[in-house]
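Chemist: Here's a structure for you.
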């Protein structure tokens with residue numbers, strides 16, 4: 401027969417709970433870092449960008465305000481709300497300064513796709 405005291409098992413549930421919690425936290429961190437969830441389609445966004453945005457923003461640049469490019473660092477500095485899809489969607493939809501609003505010209509899906517393309521390409525680098 402197997403004889404086990406209650407005190408010998410009393411530490412196991414706590415340790416298992418700590419291990420499970422640590423594993424869940426690690427998985428959440430790894431999942432969040434490894435694969436960000438994007439709302440749009442990068443390929444479709446590239447097509448929308450080339451047809452509607454490239455005249456001013458070819459290669460991630462800005463022919464009107466040269467310091468406000470679509471490069472990662474510039475988006476982090478100049479884009480209201482920071483470098484994320486929601487902020488790009490807001491700016492593309494409503495326009496700002498010299499940039500016209502595209503909310504009446506492009507569908508919500510097209511705007512989400514171009515936002516995904518801009519954020520993804522700014523991360524990878526526009527020169528690629």
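In the working numbering, the protein residues as written are 401 to 528. Quick reminder that beta carbons are idealized off the backbone N, C-alpha and C, glycines included.
May I ask which residues mark the beginning and end of the alpha helix (DSSP H) holding residue 477?
Modeler: On the chain shown, residue 477 is found 77 positions in, with the first residue counted as 1. Looking at the DSSP string, the run of the alpha helix (DSSP H) that includes residue 477 is 472-478.
Chemist: Which same chain residues end up closer than 6 Å to residue 534 when comparing Cβ atoms and leaving out the 5 residues on each side of it in sequence?
Modeler: Beyond the ends of the chain as shown, which are 401 and 528, falls residue 534; an answer cannot be given.
Chemist: Name the DSSP bridge partner or partners of residue 496?
Modeler: Walking along the chain shown from the start, residue 496 turns up at place 96. Answer is 499.
Chemist: If contacts are defined as beta-carbon pairs under 8 Å, then residue 484 and residue 511 qualify, I think. What distance do you get, rounded to the angstrom?
Modeler: Walking along the chain shown from the start, residue 484 turns up at place 84. Walking along the chain shown from the start, residue 511 turns up at place 111. Not really, about 14 Å apart at Cβ, beyond 8 Å.
Chemist: Contact defined as beta carbons within less than 8 Å: I believe residue 487 pairs with residue 498. What is the distance between those atoms, to the nearest angstrom?
Modeler: For the purposes of this step, residue 487 is identified with residue 87 of the chain shown, where counting begins at 1. For the purposes of this step, residue 498 is identified with residue 98 of the chain shown, where counting begins at 1. Their Cβ separation, rounded to whole angstroms, is 18 Å, which puts residue 487 and residue 498 out of contact at 8 Å.
Chemist: For a quick check, are the C-beta atoms of residue 441 and residue 521 less than 8 Å apart?
Modeler: Locating residue 441 in the chain shown gives position 41, where the first residue counts as 1. Locating residue 521 in the chain shown gives position 121, where the first residue counts as 1. Contact flag unset, no.
Chemist: Residue 513 lies in the alpha helix (DSSP H); which residues open and close that run?
Modeler: Along the chain shown, one-based indexing puts residue 513 at 113. Where residue 513 is concerned, the enclosing alpha helix (DSSP H) stretches over 508-524.
Chemist: Can you have a look at residue 482 and say buried or exposed, based on whether 16 or more other CB atoms are within 10 angstroms of its CB?
Modeler: Working through the chain shown from its first residue, we reach residue 482 at position 82. Per the 10 Å Cβ criterion, exposed.
Chemist: Consult DSSP for residue 481 and reduce its assignment to one of helix, strand or coil.
Modeler: If you number the chain shown from 1, residue 481 lands on position 81. Residue state, collapsed to three classes: coil.
Chemist: Whole angstroms is fine: what's the gap from residue 468's alpha carbon to residue 454's?
Modeler: As a first step, residue 468 must be located in the chain shown, where it is residue number 68. As a first step, residue 454 must be located in the chain shown, where it is residue number 54. Distance between the alpha carbons of residue 468 and residue 454 is about 14 Å.
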